[in-house]
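Asks:
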Amino acid sequence: MVVGQASARANGRDTVEPWDLPITEGLQESVHRFRRLDEEVELKPILEQLAAHPPLDRTPTQQTEERYPEIIGGLSVALAETFKIVYPDVKNPQTSHWDGVTAVFDRLL
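Residue numbers (the numbering used here): 429 to 537.
1. Which residues bound the alpha helix (DSSP H) around G432?
2. So, at 6 Å on beta carbons, what are the nonlocal neighbours of I455 in its own chain, with the 5 sequence-adjacent residues on each side left out?
3. Would you mind reading off the limits of the alpha helix (DSSP H) that contains I500?
4. Give the DSSP bridge partners of T443, in chain order.
5. With distances taken between CB atoms, is the gap from G528 to P488 smaller than 9 Å?
Dropping the structure here:
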């Protein structure tokens with residue numbers, strides 16, 4: 429959200445719009461995969477409850493906040509796919525596996 433705030437600030441706005449969020453093509457593809465998955469298992473209502481954010485210096489618009497559950501869903505899909513790539517044989521990831529995958533995400537996000 430820091431990049432979204434910086435984009436809004438650079439464009440002289442007090443609000444963060446959806447286009448301010450740094451959604452890469454890969455993340456957008458993960459969001460699309462999440463939407464297909466969500467049609468089957470309905471995860472979006474759960475993610476809506478988890479999509480809280482810390483106080484920001486620029487207020488997200490309602491349209492921006494409405495995208496949060498799908499963005500979180502897309503990130504979750506990307507995380508699961510990263511586990512399969514990095515640790516293809518692991519069925520029950522341990523702390524060391526999580527540390528490895530989150531290190532990748534920390535560098536990419």
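Idealized CB from N, CA, C, for every residue including glycine.
Bear in mind the structure is a predicted one, so any value in this text is a computation, not a measurement.
Replies: Checking against the coordinates, here is how it stands:
1. V430 to A438
2. Rather than Ile, the amino acid found at residue 455 in this sequence is Leu. The answer, listed in chain order, is G502.
3. Looking at the DSSP string, the run of the alpha helix (DSSP H) that includes I500 is Q490 to V514.
4. T487
5. No, Cβ-Cβ distance for G528 and P488 is not below 9 Å.
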